[in-house]
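A.B. asks: Just add 572 to wherever you are in the sequence shown, counting from 1, and you've got my numbering. Note that beta-carbon positions come from the ideal geometry of N, C-alpha and C, so glycine has one too. So that we are looking at the same thing, I have put the structure below in C-alpha cells.
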Amino acid sequence: MKAPSIDSYTGYKGLPPLVDLMPVQTALDTGLTVEEAVARMKHFHYALKRLHEIFTSRITAEPIYELKMAYSMHSYLCIDHLGAFATRVREMRQPPYGLDKAPHPGLEFLFDEIQNAPTSEALVYGLYQVVIPALTESIAKQIENTNLLFEHPTYRVLRHAHLEFKDIQTYGQKALKALIADDTELKAWAETLYSALTAAGGMDSTGLWDDTLPTAMYSAEDYTYDPVPQRDERFQDLYNMGVNAEAFLHDPEQPALPKTLMMYYKRMREIDVPEMMASIITETPDKPHDYYRDMGRQLWDEARHAMMGELGFLYAGVDWTQISLNFTWSRSLNTMLDPLQRHAVLFYIEQGLMPKKTGKEAEWEYAVAAETPIAMKMQDYDWADEILHARIGRDWLVKELGSQKEAMEYGDKCWAVTYQDFNTWKDQGLTEHANWWPAAYRQACATWGCEVDSQVESFDTSYLTSRADMKEVSADA
Ligand SMILES: [Fe+2]
Ligand SMILES: [Fe+2]
Ligand SMILES: [Fe+2]
C-alpha cells in the first residue's frame, strides 16, 4: 500500500484533518518548546502587569478627559489578559517562579521611565508609540511561531490578547496624531526607551541580551502616585454644588423628559469614580489577581457610564462644558481617606443604589416614561453594571470588614468624615455654586422642540440647602 503523501493527505471523505487548524506540513514544521513558549509568556505577563499599573495610576491626575477614559479601558484589558497569561503559564509544567519579577532590567527600566513620564504627551508617546506596538508585535510573532495543534490553548490566549492590543494600538495612533504635533524632544526619550528594549532582547527577550542600560531620564527617582484629580480646561467650576440632581430626579412633580437631562449629568459626572477607584487600586498592594480584575472591570464600567452621559448631552444638544461636572467627591475621598475607607464609601453608595424608590430601577423608569431610547439604553446598562458593582463590593469588602452591616456602617462613617461645609469653597472663591440648570434645560428644550416649563426651569435646590441628612447628599458611584 502506498504511504499517504503529506500534500494530498485528507480526512474521511475529504474532511479536513486536524480540525483544519493548519496545513499538515505546517503542523509538522512549526512550534516552540514548552520552555520557550513559557519564557515569552512570562515576559508578556510582566509587561501587562506594569502596563496595568501605569494606566491605572495615571487616570486620576491626567487632565485630559478622553485619555482618562482610554486609560480606564486599557488598564482593564491589561489586567484581564494578564490573568489569562498567568493561568496558561501555570498549566505549562514550568512553575511560575518569579511571574511578577522583571525578567530583565531593561524591561524594568523601560516601564519605570514611562510610569514617570512628566506630561500627558510624554505618557501617550511612551505607551502608544513605544510599548504597545512592541508588545503587539511580539505577541504576533509568538502566534506565528505557535503550533496550533500542540499549543492550541496558548494560541487562544495569544490571539485574544493580540486582537485587543491591535485595537489599543489603533487608538494610540490616533491619540499620537491628535496630541503630538512636534515630537523632536520625545524622540530623544524614545531612543532611551528603545535602547532599554534592545538591551532586554525585545519585549519577549528573543533577541540578544545586553547588560548595558541607558541613563535614566525620568526614572532616577521612584514614582509617587498623585491622588489629586485634574481636569482639562473644558471642565469649569469644579467645586460647584449648586444643583442637587437627586432632589430633581426623585421629585414626582417633575416631568420625565427633563429628568433624562439630569441623568445625562449624573452619568457624565461618574468621571469621578475612575478618578477615585484608581487611587484604591494603586494604593492597595498584594491582593489576589481577581481583586484587581474585578476592580478594573468596575473602573472601566464607571468610565463607560461617563461616556454614556456625554453621548446623552450630545443627543439633547446641550454643551456639557457649560455645566459643572464637579470633582468634589473624588477629590475629598482621595485626599482625606485611606484606600480601605474610600472603598467602604464606594460600597455604601453602591448598595444605596439598589432600593427601588430612588435607585437604579427608578432612574430606568424615568427614562422609559420619557420614551427616550438613548436614555433608556443608558439606564438599562447602568443599572445592570451597578448591580455587578454592588456584588464586587460584597465579594471583596464585606469579606475584609466582617459583615454587610459592618461594611455599611463603616462606609457611612467614612463618608461623613469627608463632610465639608460647601460654603467654605464659596468663601475661598473656588465657586459661586451657580445654578446651571435653567440654561441647560432651555438649551435641551430648543433641541427637543418643546415649550419651557416654568416649574422645571425654576428648579433651584442645591446640595447646600438639602444637607440636613448626610445621606441626601448623594453621589452616584
Ligand atoms: Fe453608573
Ligand atoms: Fe458603580
Ligand atoms: Fe457608577
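Tell me which residue opens and which closes the alpha helix (DSSP H) that residue 687 is part of.
C.D. replies: The residue you call residue 687 lines up with position 115 of the sequence shown. Here the alpha helix (DSSP H) through residue 687 covers 677-687.
A.B. asks: Given a cut-off of 9 angstroms, decide if residue 707 and residue 737 are closer than it, judged by their beta-carbon atoms.
C.D. replies: The residue you call residue 737 lines up with position 165 of the sequence shown. The residue you call residue 707 lines up with position 135 of the sequence shown. Taking 9 angstroms as the Cβ cut-off, residue 737 and residue 707 qualify as a contacting pair.
A.B. asks: Using a Cβ-Cβ cutoff of less than 8 angstroms, which residues in the same chain neighbour residue 533 once the five nearest sequence positions on both sides are dropped?
C.D. replies: Since the first residue of the chain shown is 573 and the last is 1049, residue 533 is not available in this structure.
A.B. asks: Within the present structure, is the beta-carbon of residue 873 separated from the nearest heavy atom of ligand 1 by less than 8 angstroms?
C.D. replies: Here residue 873 is taken as the residue at index 301 of the sequence shown, counted from 1. Yes.
A.B. asks: For the stretch 843-863 against the stretch 902-921, are there 3 or more C-beta pairs whose distance is under 8 angstroms?
C.D. replies: yes
A.B. asks: State yes or no: is the C-beta of residue 847 nearer than 8 angstroms to some heavy atom of ligand 2?
C.D. replies: Taking the sequence shown and counting its residues from 1, one reaches residue 847 at position 275. The answer is no for residue 847.
A.B. asks: Given the structure, does residue 962 come close to ligand 3, in the sense that its CB is under 8 angstroms from one of the ligand's heavy atoms?
C.D. replies: Numbered from 1 along the sequence shown, position 390 holds the residue referred to as residue 962. Placement of the Cβ of residue 962 at a distance of 8 angstroms or more from every heavy atom of ligand 3 is found.
A.B. asks: My output table needs one value for residue 892: the three-state DSSP class, helix, strand or coil.
C.D. replies: Translated into positions along the sequence shown, residue 892 becomes position 320. Three-state DSSP puts residue 892 in a helix.
A.B. asks: To the nearest angstrom, report how far apart residue 618 and residue 709 are at their CA atoms.
C.D. replies: Numbered from its first residue, the sequence shown carries residue 618 at position 46. Numbered from its first residue, the sequence shown carries residue 709 at position 137. About 16 angstroms.
A.B. asks: Just to check my reading of the structure: residue 713 and residue 661 have Cβ atoms closer than 8 angstroms, yes? What is that Cβ distance to the nearest angstrom?
C.D. replies: Translated into the one-based positions of the sequence shown, residue 713 becomes position 141. Translated into the one-based positions of the sequence shown, residue 661 becomes position 89. Going by Cβ atoms, the distance from residue 713 to residue 661 rounds to 18 angstroms, so no, they are not a contact pair.
A.B. asks: Is residue 650 helix, strand or coil when you go by DSSP?
C.D. replies: Residue 650 sits at position 78 when you count from the first residue of the sequence shown. Of the three classes helix, strand and coil, the one that applies to residue 650 here is helix, per DSSP.
A.B. asks: Under 6 angstroms Cβ to Cβ from residue 629, same chain only, skipping five residues before and after it: list those, please.
C.D. replies: Numbered from its first residue, the sequence shown carries residue 629 at position 57. Closer than 6 angstroms at Cβ, skipping near neighbours: 797 and 854.
A.B. asks: Among the candidates 1034, 920, 961 and 1029, whose CA atom is the shortest distance from the CA of residue 985?
C.D. replies: Walking along the sequence shown from the start, residue 985 turns up at place 413. Of the candidates 1034, 920, 961 and 1029, the one whose C-alpha sits nearest the C-alpha of residue 985 is 920.
A.B. asks: Do you know how far the Cα of residue 969 is from the Cα of residue 981?
C.D. replies: Mapped onto the sequence shown, residue 981 falls at position 409. Mapped onto the sequence shown, residue 969 falls at position 397. About 12 angstroms.
A.B. asks: Roughly how many whole angstroms lie between the Cα atoms of residue 702 and residue 770?
C.D. replies: Looking up residue 702 in the sequence shown gives position 130. Looking up residue 770 in the sequence shown gives position 198. Residue 702 and residue 770: Cα-Cα distance of roughly 12 angstroms.
A.B. asks: Going by beta carbon distance, what residues of the same chain come within less than 8 angstroms of residue 922, once the five residues before and after it are set aside?
C.D. replies: Residue mapping note: residue 922 aligns to position 350 of the sequence shown, counting from 1. These residues qualify, in order along the chain: 958, 961, 962, 965 and 1049.
A.B. asks: Helix, strand or coil: which one does DSSP assign to residue 560?
C.D. replies: Residue 560 falls outside the range modelled here, since the chain spans only 573 to 1049, and no answer is possible.
A.B. asks: How many Å lie between residue 878 and residue 722 at the Cα?
C.D. replies: The residue you call residue 878 lines up with position 306 of the sequence shown. The residue you call residue 722 lines up with position 150 of the sequence shown. C-alpha separation (whole angstroms): 44 angstroms.
A.B. asks: Please name the residue in 670, 640 and 761 whose C-alpha comes closest to that of residue 876.
C.D. replies: For the purposes of this step, residue 876 is taken as the residue at position 304 of the sequence shown. Checked all of 670, 640 and 761; the closest Cα to residue 876 is 640.
A.B. asks: Measuring straight from C-alpha to C-alpha, what distance separates residue 838 and residue 947?
C.D. replies: Sequence index remark: in the sequence shown, residue 838 carries index 266 (1-based). Sequence index remark: in the sequence shown, residue 947 carries index 375 (1-based). Cα-Cα distance, rounded: 12 angstroms.
A.B. asks: Work out the CA separation of residue 871 and residue 810 for me, nearest whole Å.
C.D. replies: Position 238 of the sequence shown, counted from the first residue, corresponds to residue 810. Position 299 of the sequence shown, counted from the first residue, corresponds to residue 871. Cα to Cα, residue 810 sits roughly 21 angstroms from residue 871.
A.B. asks: In three-state terms, what does DSSP make of residue 597?
C.D. replies: For the purposes of this step, residue 597 is taken as residue 25 along the sequence shown, with counting starting at 1. Note: residue 597 maps to helix in three-state DSSP.
A.B. asks: Within 10 angstroms of its Cβ, does residue 903 collect 16 or more other Cβ (buried), or is it exposed?
C.D. replies: Locating residue 903 in the sequence shown gives position 331, where the first residue counts as 1. With 16 or more other Cβ atoms within 10 Å, it is buried.
A.B. asks: Quick check on the DSSP output: the alpha helix (DSSP H) that includes residue 749 runs from which residue to which?
C.D. replies: By one-based count along the sequence shown, residue 749 stands at place 177. Going by DSSP, residue 749 is part of the alpha helix (DSSP H) stretching over 724-751.
A.B. asks: So, helix, strand or coil for residue 830, using DSSP?
C.D. replies: Sequence index remark: in the sequence shown, residue 830 carries index 258 (1-based). Here residue 830 sits in helix by DSSP.
A.B. asks: Examine the Cβ distances between the stretch 669-686 and the stretch 785-794 and report whether three or more of them are shorter than 8 angstroms.
C.D. replies: yes
A.B. asks: Taking its Cβ as the centre, do 16 or more other Cβ atoms sit within 10 Å of residue 1016, making it buried, or is it exposed?
C.D. replies: Reading the sequence shown from its first residue, position 444 is the one you call residue 1016. Around the beta carbon of residue 1016, 16 or more other beta carbons lie within 10 angstroms, which makes this residue buried.
A.B. asks: Helix, strand or coil for residue 664? Go by DSSP, reduced to three states.
C.D. replies: Here residue 664 refers to the residue found at position 92 of the sequence shown. Residue 664 falls in the coil class under three-state DSSP.
A.B. asks: Using only the heavy atoms of ligand 1, determine whether one of them is closer than 8 angstroms to the beta carbon of residue 958.
C.D. replies: Mapped onto the sequence shown, residue 958 falls at position 386. It does: the Cβ of residue 958 is within 8 angstroms (strictly closer) of some heavy atom of ligand 1.
A.B. asks: When you compare the CB positions of residue 656 and residue 733, do they come within less than 9 angstroms of one another, or not?
C.D. replies: Here residue 656 is taken as the residue at index 84 of the sequence shown, counted from 1. Here residue 733 is taken as the residue at index 161 of the sequence shown, counted from 1. Their beta carbons are under 9 angstroms apart, which means residue 656 touches residue 733 by this criterion.
A.B. asks: Can you determine whether any heavy atom of ligand 2 sits closer than 8 angstroms to the C-beta of residue 933, and answer yes or no?
C.D. replies: Translated into the one-based positions of the sequence shown, residue 933 becomes position 361. Incorrect: residue 933 has no Cβ contact closer than 8 angstroms to ligand 2.
A.B. asks: Using the Cβ count rule (16 or more neighbours within 10 Å means buried), how would you classify residue 1024?
C.D. replies: Working through the sequence shown from its first residue, we reach residue 1024 at position 452. So residue 1024 ends up on the exposed side.
A.B. asks: For residue 821 and residue 884, what's the separation of their Cα atoms in angstroms?
C.D. replies: In the sequence shown, residue 821 corresponds to position 249, counting from 1. In the sequence shown, residue 884 corresponds to position 312, counting from 1. Approximately 16 angstroms, taken between the alpha carbons.
A.B. asks: Tell me the DSSP secondary structure of residue 1010 in three-state form.
C.D. replies: One-based indexing of the sequence shown puts residue 1010 at position 438. Residue 1010 falls in the helix class under three-state DSSP.
A.B. asks: Just to confirm my understanding: we take residue 841, look at its own chain, exclude 5 residues before and 5 after, and list those with CB closer than 6 angstroms. What are they?
C.D. replies: In the sequence shown, residue 841 corresponds to position 269, counting from 1. For residue 841, where only same-chain residues beyond five positions count, the Cβ hits under 6 angstroms are 897.
A.B. asks: Could you have a look at residue 965 and say whether DSSP puts it in helix, strand or coil?
C.D. replies: Taking the sequence shown and counting its residues from 1, the one referred to as residue 965 is at position 393. DSSP places residue 965 in helix when its eight states are reduced to three.
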